[in-house]
Structure formats: C-alpha cells, structure tokens
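Reading through the structure tokens given below for one structure.
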Amino acid sequence: MKKAIKTEIIRVNSKRPDYGIIEKASKLICSGEIVAFPTETVYGLGANALDSSSVTKIYKIKGRPSDNPLIVHVADMDTLKKLVMEIPPGAKGIINKFWPGPITLVLKKSEIVPHITTGGLSTIAVRMPRNNVVLALIKMSGLPIAAPSANISGRPSPTKAKHVKDDLNGKIKLILDGGSTEIGIESTVIDMTQDTPVILRPGGISKELIEDEIGKVHFHNSLLGSDLSKNKINKSPGMKYRHYSPNAQVILVEGPTNTAKNKIIELTQRLKRENKKVCIMTTSKSLKINAVKIQYMGKTFDTIARNLFANLREADDNNIDIILVQGIQYKKTGFAIMNRLRKAANTSIRV
Ligand code: TXA
Ligand code: MG
Numbered sequence: 000m001k002k003a004i005k006t007e008i009i010r011v012n013s014k015r016p017d018y019g020i021i022e023k024a025s026k027l028i029c030s031g032e033i034v035a036f037p038t039e040t041v042y043g044l045g046a047n048a049l050d051s052s053s054v055t056k057i058y059k060i061k062g063r064p065s066d067n068p069l070i071v072h073v074a075d076m077d078t079l080k081k082l083v084m085e086i087p088p089g090a091k092g093i094i095n096k097f098w099p100g101p102i103t104l105v106l107k108k109s110e111i112v113p114h115i116t117t118g119g120l121s122t123i124a125v126r127m128p129r130n131n132v133v134l135a136l137i138k139m140s141g142l143p144i145a146a147p148s149a150n151i152s153g154r155p156s157p158t159k160a161k162h163v164k165d166d167l168n169g170k171i172k173l174i175l176d177g178g179s180t181e182i183g184i185e186s187t188v189i190d191m192t193q194d195t196p197v198i199l200r201p202g203g204i205s206k207e208l209i210e211d212e213i214g215k216v217h218f219h220n221s222l223l224g225s226d227l228s229k230n231k232i233n234k235s236p237g238m239k240y241r242h243y244s245p246n247a248q249v250i251l252v253e254g255p256t257n258t259a260k261n262k263i264i265e266l267t268q269r270l271k272r273e274n275k276k277v278c279i280m281t282t283s284k285s286l287k288i289n290a291v292k293i294q295y296m297g298k299t300f301d302t303i304a305r306n307l308f309a310n311l312r313e314a315d316d317n318n319i320d321i322i323l324v325q326g327i328q329y330k331k332t333g334f335a336i337m338n339r340l341r342k343a344a345n346t347s348i349r350v
C-alpha cells in the first residue's frame, strides 16, 4: 500500500495572509504538488492548470471521473486572455460586475490549456475568486490554478478546513485554513459561448442578478422542471454524477410551509419507531420535536447557503441515519440551494 502523506494544516488570515505561508504553498504548486485552500465559495483543491501531470493528481486524489472538467482560477485579466480564444461582450459585462466573485465563465479555450484540465472539451471554465488567500497564491505562483471543490467526489463540498481534512487527510501535503467560507455554495457556471448565455450550474450569483447586468440568460434544460434527476445528462459534465451526499440518507420535503412541516413530523415519528436516528434541517424555528436533532438552516438565502454543506456533514459527525430537509423557495440563491439539496437527496417528496 502507498504510504500516507503527512497532511499539514496551517491557519492563515483570510484578509491579510502571511507572506511566508503563501510562499510555502506557492512552492508546492510550482513543483507540481496539490494544495487545498479557501475561496469565497468552498475550499478548492488546486494545482498548476497548465501542467497535465499536476492536474492528473487532482482527479486521482478526489476519485473524480476524468471527463468532469475543472475550474481554472485566475487573479488578473492578462492571464485570462492567454487561456481563452475570445472574451465576448456578455462575458466582459459579467467580469466587470462580478469578478472577483462566485461566477465561472465557460469560454473557448486556447491551445496552452491541456485537455486534462478541461475534461477533453474545447472550452474552459474560468473564474477570479474573491478571497485573498487564493488570490495571493495565484499571484505568487504566477500560474492559473485548476481547482475543483476539495472533497472526495460525491461528498458535500467543504466549507471549513476540517471538512477537507475529513476527506483528504493523508492524501495531500498542505491545507490552508482560512476559516469558514463566506458564500458556502459553489460558483455559478455560465456558458458564454452561446448567443444567449446558458447557466449550467446555479450558484453564488443568481440568474436575476446576471440578467440585471447583461439581459436574458437561460437555465440549462436539465435544471428545470420537476425531474431534476441525478442521472440526467447536463452540458456541464459534473452535474450528472451523484453529488453533495453525506453518509446519512437525505429525504427532501417540498411544499407549503405548514404542510411540509406536518409531513416532516409524521415522517420523524415513523422513523423513530423504526429506531432510526433522525436529524431535521429546517427554516422554521417553530418546528420542534423531542429527542430529535433539529438543525436550523437560517432565515435568509445567504445564511442558508453558508451553512448548507456544514449542516449535511455535521449529521455524519453525529451518526445520523436519516436527514429530513424542508425545501425552500426556488428564487434567487434559493434556486442554487435547492439544486444542491435535490442532488444530495435520495428521495424527494412533494406535499
Ligand atoms: O466555487 C467553485 O466553483 C469551486 C471553487 C473551488 O472555486 N469549484 C468547484 O469546482 O465547484 P468543481 O470542479 O467542483 O465544479 C466544476 C463544475 C463542474 O460541474 C464541471 O462539470 C463544470 O464546472 N465545468 C468545468 N469546466 C467546464 C466546461 N468547460 N464546460 C462546462 N462545464 C464545465
Ligand atoms: Mg465539486
């Protein structure tokens, strides 16, 4: 068996990161190693995006299928220009308004980008993250950094260094611990190679906000309708795989607040009779049942998003068998939150 690597976790100030710590991480990236770091969305697992053998390590460590392309992170426009064939006007509009920030653009890739980074596609997904640790790391290493979320494939994305450690201890040399991430769900991925841009993955920037800036955009078909099945093929290849799943079974209950609450209470009582350890994730402070762990998800979309993956992972820390989640509204960032929950869920119930 391959000997485990010792994983070092270094605490770093996410506003003003220590030069020496970034230098250490940057040396690892430049020598073809993998480093985990915070971004404003979730923690990333980074490597030199221009080096095939470094990028190959990411797929291996995550157990990620090789047709699922990575997002490339940049810290300046000059690097972006080298990675893509062209920047259409809509893309410029998004960049001016939202970068650095949680939105990823799919553009036609240039020749310097290896195929392994883009999962064999002729397009590249690029974003400029809004976190000083990763920005400093990109700048110091002088390289674009390819980084998927720093979890084992299929698990909820990591929003704390502890989550990265839980999944990747012994597999990578360094985790930069910048505390809890600000947004909590991943960036929006939008295909800018179409006449009308298409959102492939809803995320930190809502469709409403994008349309305020550049006019009409579409959701990809697979994101719409009642059948948001996990196995449906999406143009964003990553979306077809099982995702965001804790060890516990997830049951999502959607419907008007009171009806959903009653259904959750009924299910809880039944599951308790079967001796299952149940946890409820809800936005209703009034939902109370004895002897069951209740995880209050928060009031605003921002808070719910920030706590979402941590809530799912915490259930595993508490050896929960079944998580009952109360659905929320499909508007603004709620759309992205529901997208994650539907993918995490083994069963969805509409009442
Ligand atoms: O917030 C984020 O985006 C985080 C942080 C670390 O930046 N990263 C992240 O990466 O979520 P990952 O690898 O977990 O998800 C990347 C998504 C996948 O759904 C993938 O299929 C899609 O982006 N993607 C990447 N390149 C693409 C391309 N050329 N065309 C279409 N979709 C692409
Ligand atoms: Mg991911």
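Quick note on numbering: my numbering labels position 156 of the sequence shown as 155, and the sequence is numbered without any gaps. All C-beta atoms in this analysis are idealised placements derived from N, C-alpha and C, irrespective of residue type, glycine included. None of these values were measured; they are calculated from a predicted model.
The three-state reading of DSSP puts M76 in helix, counting H, G and I together. In this structure, K61 and S152 form a Cβ contact; the two beta carbons are roughly 5 Å apart against a cut-off of 8 Å.
Straight-line measurement puts the Cα of I111 at about 11 Å from the Cα of M84. Beta bridge pairing from DSSP links L323 with I250, I279. Inclusion of T195 and H217 in the CB contact set at 8 Å is warranted, their separation being smaller than that value. Within the DSSP secondary-structure output, I303 pairs in no beta bridge.
With a contact defined as Cβ atoms closer than 8 Å, F308 and T187 miss out at about 16 Å. For the alpha helix (DSSP H) assignment, the uninterrupted runs of no fewer than 4 residues enclosed by the stretch 4-73 are, from N- to C-terminal side, 18-29, 51-61.
Checking the 7 Å criterion, the Cβ of A343 is out of range of every heavy atom belonging to ligand 1.
Rounded to the nearest whole angstrom, the C-alpha separation of S179 and T38 is 10 Å. Segment contact: the stretch 325-338 against the stretch 255-270, three or more CB-CB distances shorter than 8 Å; contact assigned. In the DSSP assignment, H114 forms no beta bridge with any residue. For S140, the enclosing alpha helix (DSSP H) starts and ends at 131-140. Relative to ligand 1, the beta carbon of V54 is positioned no closer than 7 Å to any heavy atom. Going by DSSP, D165 is part of the alpha helix (DSSP H) stretching over 160-167. Across the structure, A343 and S148 are spaced so that their CA atoms are roughly 16 Å apart.
Note: K81 is not bridge-paired with any residue in the DSSP secondary-structure output. In this chain, T256 is not harboured by any beta strand (DSSP E); it is covered by the alpha helix (DSSP H) spanning 256-272.
The C-alpha of K330 lies about 22 Å from the C-alpha of I279. Around the C-beta of E207, fewer than 16 other C-beta atoms lie within 10 Å, and the residue is accordingly described as exposed.
Counting along the chain, the unbroken beta strand (DSSP E) around K107 starts and ends at 102-107. Rounded to whole angstroms, the gap between the alpha carbons of F300 and T332 is 6 Å. Proximity of the beta carbon of E110 to ligand 2 is not indicated: no heavy atom of the ligand is located closer than 7 Å.
If you draw a 10 Å sphere on the C-beta of Y18, you find fewer than 16 other C-beta atoms in it, and that means exposed. Between the alpha carbons of S156 and D211 lies a distance of about 29 Å. DSSP assignment within the stretch 165-205 yields the following whole beta strand (DSSP E) runs of 3 residues or more, N-terminal first: 173-176, 187-190, 197-200.
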